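Notes to accompany the following structure.
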Amino acid sequence: MPDQITVSEFVAETNEDYKSPTASNFTTRMSHCRNTVTALEEALDVDRSVLYKMKKSVKAIYTVRSR
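Count the sequence shown with our numbering and you get residues 2 to 68, in order.
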């Protein structure tokens, strides 16, 4: 799995970049940030898919029982 970055690491890197932009290594960590965002988006897509299927199932159950 690609390297990822935690929120606290991101905040620390951003703060370091803000305080000392010429000595910062923030740009070298950008790939870690992108990997983290990509992993989160993929996880959210899976969750959305599962929730959508559950919603359809509950709606179908409700429809059958209300007849």
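Don't be surprised by glycine CBs; every beta carbon is placed ideally from N, CA and C.
The model shown is predicted, which means the values in this text are computed figures rather than measured ones.
> Ends of the alpha helix (DSSP H) at ALA13?
Replying inline: Per DSSP, ALA13 belongs to the alpha helix (DSSP H) from 8-20.
>> Can you list, in chain order, the residues of its chain with a C-beta nearer than 6 Å to that of THR39? Leave out the 5 residues immediately preceding and following it.
In response: Cβ within range, chain order: n/a, list empty.
> Is it buried or exposed for GLU14, if we count other Cβ within 10 angstroms and need 16 for buried?
Replying inline: Counting Cβ neighbours within 10 Å, GLU14 comes out buried, since at least 16 surround it.
> Just to confirm, are ILE62 and ARG30 a CB contact at a threshold of 8 Å?
Replying inline: No, these two residues do not count as a Cβ contact at 8 Å.
>> Counting only beta-carbon separations shorter than 8 Å, does THR29 have a partner in chain D?
In response: This model lacks chain D altogether; it includes just one protein chain.
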